[in-house]
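Here the structure is laid out as structure tokens; the discussion comes afterwards.
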Amino acid sequence: MENDKLSEKAGLKDDYRVTGMNQEGKKKITNLDLLYSMIIGVLGGIISSLIPFSLLMKVWYPLTGGTQLVSGHHVMWSAIVYGLTQKKKNIYLTMLSKGLLEFLLGDVWGILIIFVNLMEGFFLACGFSLMEKVGEGETNLGWGIAGGIGNFFQAPFFWIINQRWHLHWVLWTLAFMFAFISGVLITGVLGRTVKNTLIKSGVPTTF
Amino acid sequence: MEKRNFYILIASISVGMSIVWLSIYGIVVLEVDPFWNLNNDGIITITGNVKEDLSLSLEDIKSSKYYQVEDQLFHFINAIGREFDEIYSGASLWSILEVEDVLEADASSFQFIGSDGFTSPKPISLTLAEDNLNLVILAYERDGIPLFEQGPIRSIVDFSVIPSETTTHWAVQNLKSILII
Numbered sequence: 009m010e011n012d013k014l015s016e017k018a019g020l021k022d023d024y025r026v027t028g029m030n031q032e033g034k035k036k037i038t039n040l041d042l043l044y045s046m047i048i049g050v051l052g053g054i055i056s057s058l059i060p061f062s063l064l065m066k067v068w069y070p071l072t073g074g075t076q077l078v079s080g081h082h083v084m085w086s087a088i089v090y091g092l093t094q095k096k097k098n099i100y101l102t103m104l105s106k107g108l109l110e111f112l113l114g115d116v117w118g119i120l121i122i123f124v125n126l127m128e129g130f131f132l133a134c135g136f137s138l139m140e141k142v143g144e145g146e147t148n149l150g151w152g153i154a155g156g157i158g159n160f161f162q163a164p165f166f167w168i169i170n171q172r173w174h175l176h177w178v179l180w181t182l183a184f185m186f187a188f189i190s191g192v193l194i195t196g197v198l199g200r201t202v203k204n205t206l207i208k209s210g211v212p213t214t215f
Numbered sequence: 020m021e022k023r024n025f026y027i028l029i030a031s032i033s034v035g036m037s038i039v040w041l042s043i044y045g046i047v048v049l050e051v052d053p054f055w056n057l058n059n060d061g062i063i064t065i066t067g068n069v070k071e072d073l074s075l076s077l078e079d080i081k082s083s084k085y086y087q088v089e090d091q092l093f094h095f096i097n098a099i100g101r102e103f104d105e106i107y108s109g110a111s112l113w114s115i116l117e118v119e120d121v122l123e124a125d126a127s128s129f130q131f132i133g134s135d136g137f138t139s140p141k142p143i144s145l146t147l148a149e150d151n152l153n154l155v156i157l158a159y160e161r162d163g164i165p166l167f168e169q170g171p172i173r174s175i176v177d178f179s180v181i182p183s184e185t186t187t188h189w190a191v192q193n194l195k196s197i198l199i200i
């Protein structure tokens, strides 16, 4: 009804599909949801594939596995999209588009990288659900822990797939701790800051 | 300060302290030198079952007294079975061991150790390096460009040398030492 009134007021005939801006409170995926997921997913895919963030760590942290401290940027993109749309489906869409692009750009893990992205998206969605249940859905703490959960599981997955059994346990432990911390700081806290900045600057939300 | 924020602070300090101590423990127990390669000279050491430990700089490894492998295509297989090729240049490992005559009579195998605590999974026979002069190298260039984040020196072993293994595990980045067993 609201849309009809707006359209009438603007002198428009209402036989066109409305965009996400007028879909407040609806669970359907809107055009804006799809656009955000695809654009931000592709942006994440390009940045994840082509920018060697690990160099930031190798310069000053001497142990192998330290690069996990910057791994949170892989999942941050879907956290931003979730913040703009509040729909968990969009987390999967973002990670799918990001994973597809990484695969097409020749990731060393081949098609497995798409599964890894979806797995990260699943755990991020779980993290957000959990935080919303305990009333921390919009706080820095809630986003941090959700981001930590979202980014954590790729580390043991890759270390097990890579069969790094021969490496010292302290390297395993540190890598996993770094994965969680990176999720908290980059995926969660930085993702929330970016999301808030985007909303303040006028980017329309779809919730 | 709110009780909630106090708990966050305590948790953050605990995690931070754990990381500091675990990192120190890792550096000590794995004999990692955080200042290795500060001058970008990439000094590696051949140690273990040798007559005398041998240290070689990047310039030494590039010198013509060792057999140099140029733009050799290497075949790799990673942990999920994905196969790919890359082009490396470097000095033949066996050539270095032979020219320097460092091996003890009963030396049988070798293992690569990186500067960041990463090691190749298990020792492989020295005979493989001897029989595959071109295919077991200490690489310093990839596609004709000096190694950057992977180097300055990286061990490279071709798939054909150890066909039953995950070859990428023997491509140790930031190579610091070679342990002769």
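Note that the protein sequences, when read in sequence, are chains A and V. Letter by letter, the first sequence follows residues 9 to 215 in this note's numbering. Letter by letter, the second sequence follows residues 20 to 200 in this note's numbering. A virtual CB, placed ideally from N, CA and C, is assigned to each residue, including glycine.
Starting from the beta carbon of V39/V, find every residue of chain A whose beta carbon is closer than 9 Å, and list them in chain order. Near V39/V there are no residues of chain A at all, since even the closest Cβ is about 11 Å away, more than 9 Å.
Nearest to Y69/A by alpha carbon, out of E123/V, K81/V, S134/V? S134/V
Exposure of K203/A, with buried meaning 16 or more beta-carbon neighbours within 10 Å: buried
Below 8 Å, can you find three or more Cβ-Cβ pairs linking the segment 50–65 of chain A to the segment 34–49 of chain V? no
For the segment 80–144 of chain V, list the alpha helix (DSSP H) runs that are entirely contained and at least 4 residues long, ordered along the chain. 112–119
Answer with yes or no whether the minimum CB distance from V176/V to chain A is below 8 Å. no
Could you pull the start and end residues of the beta strand (DSSP E) that I199/V belongs to? 194–199
Residues of the segment 106–119 of chain A with Cβ closer than 7 Å to any Cβ of chain V, in chain order: V116, W117, G118
Tell whether a beta-carbon distance below 8 Å holds between A124/V and L145/V. no
To the nearest angstrom, how far is the alpha carbon of D2/A from that of S37/V? With chain A covering 9 to 215 only, the question about residue 2/A has no answer from this structure.
Give a yes or no on whether the C-beta atoms belonging to I96/V and L194/V are separated by under 8 Å. no
Would F186/A pass as a contact of Q94/A if the rule is Cβ separation under 8 Å? no
Which residue or residues does DSSP assign as beta-bridge partners of V176/V? V155/V
Kindly indicate which three-state DSSP category L75/V falls into: helix, strand or coil? strand
What residue range does the alpha helix (DSSP H) around G152/A cover? 148–160
Which residues does DSSP pair with G67/V in a beta bridge? I199/V
If you follow the alpha helix (DSSP H) that H174/A is part of, which residue opens it and which one closes it? No alpha helix (DSSP H) contains H174/A, which DSSP labels as neither H nor E.
With 16 other CB atoms within 10 Å as the buried threshold, where does A190/V fall? buried
Short check: CB of T186/V to CB of V176/V, under 8 Å? yes
How is P165/V classed by DSSP in three states: helix, strand or coil? strand
Applying the 10 Å Cβ sphere with the 16-neighbour rule, what's the burial state of Y26/V? exposed
Determine the chain A residues that contact S42/V at a beta-carbon separation under 9 Å, and present them in chain order. Y69, P70, L71, G74, V178, L182
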